[in-house]
Amino acid sequence: AQSVSQHNHHVILSEAASLELGCNYSYGGTVNLFWYVQYPGQHLQLLLKYFSGDPLVKGIKGFEAEFIKSKFSFNLRKPSVQWSDTAEYFCAVNGGNYGQNFVFGPGTRLSVLP
Amino acid sequence: DTAVSQTPKYLVTQMGNDKSIKCEQNLGHDTMYWYKQDSKKFLKIMFSYNNKELIINETVPNRFSPKSPDKAHLNLHINSLELGDSAVYFCASSQAGEQYFGPGTRLTVT
C-alpha cells in the first residue's frame with residue numbers, strides 16, 4: 721500500500737528564511753508526486769507536480785521540489801519565504817499512468833513570522 | 147466559474163440527524179472523490195467514483211453513502227450523524243492524474 725510521510729509537523733520561520741519541507745513516500749511502482757497548499761480556511765491548491773522528466777520541478781509562488789527516486793523523496797523548497805506563505809502543506813502521491821488513488825501525507829504547518 | 151463547488155459551506159446539526167452535502171464539477175473530469183479532514187488537518191480519502199461507478203471505498207461507516215447521479219456530481223449522504231463526524235469534507239475531481247479540490251464543507255455535529 722502507498723504511504724506518505726512528512727518530516728515536520730510544524731515549522732516556524734522568519735520572513736526571508738529559506739524553506740525545505742521533507743516528504744517521503746512508499747510505493748513500488750511508477751509514481752506521480754504533488755505538493756498542495758492549504759491557506760487558512762481555504763481548500764487545497766496545487767503548488768507543483770512531478771509526473772516524469774526533469775526531477776527538479778518548479779511550481780507557483782517561487783516553490784520548487786526535487787524528486788530523488790533513490791531516496792523515495794520529494795522535498796519542497798523555497799529560497800525566501802514570505803508571511804503570506806503561512807499555510808498547511810501536503811505532499812501527495814498516486815500511482816503512475818494517471819492513477820486515481822491519491823494518498824496524502826499528514827501535512828506540515830508552516831508559520832512565517834513577519 | 148468555480149471548477150469544483152460544494153454546498154453547503156457550513157452545516158451545523160444535531161446528533162442523530164441525516165444530512166447531505168452536494169458536489170459539482172464543471173471540468174469534464176471522469177473521477178470524483180470525497181475526503182474528510184479532521185481537526186488535526188489529516189486528509190483521508192473516503193470514496194472515489196469514476197464515471198458514476200464506485201472505485202474506491204475506504205473503511206468508512208455505512209452511515210455514509212455517496213451517490214453519483216452523473217459524472218459531474220457526487221453527493222454525500224450521512225445518516226444518524228455522530229459527534230465524531232464533525233470535520234471538513236472536501237470534494238475533488240481528477241483527470242490525467244491531477245486533482246482539483248472544492249472549497250470544503252465544515253460539518254459540526256452538536
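Just so you know, the protein sequences line up as chains H and X, in that order. All residue numbers for the first sequence refer to our numbering, where the first residue is 721 and numbers rise by one. All residue numbers for the second sequence refer to our numbering, where the first residue is 147 and numbers rise by one. Each residue gets a CB set at the ideal place from its N, CA and C atoms; glycine is no exception.
Using three-state DSSP, classify Leu229/X as helix, strand or coil.
helix
Let's see if you can read the secondary structure: which residues bound the beta strand (DSSP E) around His177/X?
Strictly speaking, residue 177/X in this sequence is Thr, with His absent from that position. From DSSP, the beta strand (DSSP E) with Thr177/X extends over Thr177 to Gln183.
Unbroken alpha helix (DSSP H) runs of length 4 or more, entirely within the segment 783 to 823 of chain H: which are they?
none
How is Lys190/X classed by DSSP in three states: helix, strand or coil?
strand
Considering only their Cβ atoms, is the gap separating Lys187/X from Glu204/X smaller than 9 Å?
no
Give me the Cβ distance between Leu859/H and Asn795/H, rounded to the nearest whole Å; I'm assuming they're in contact under 8 Å.
What is shown of chain H runs 721 to 834, which leaves residue 859/H out entirely.
Which residue from Leu768/H, Gly748/H and Lys769/H puts its Cα closest to that of Ser723/H?
Gly748/H
Rounded Cβ spacing between Ile201/X and Ser194/X (contact assumed at less than 8 Å)
5 Å
At least one CB of chain H closer than 9 Å to the CB of Pro124/X: is that the case?
Residue 124/X lies beyond the residue range present for chain X, which begins at 147 and ends at 256; the question has no answer from this structure.
Sorted by chain position, which residues of the same chain lie with C-beta nearer than 7 Å to Asn744/H's C-beta, five sequence neighbours on each side aside?
Ser725, Phe792 and Ser793
Would a C-beta distance cut-off of 9 Å place Ser738/H and Leu833/H closer than the cut-off?
no
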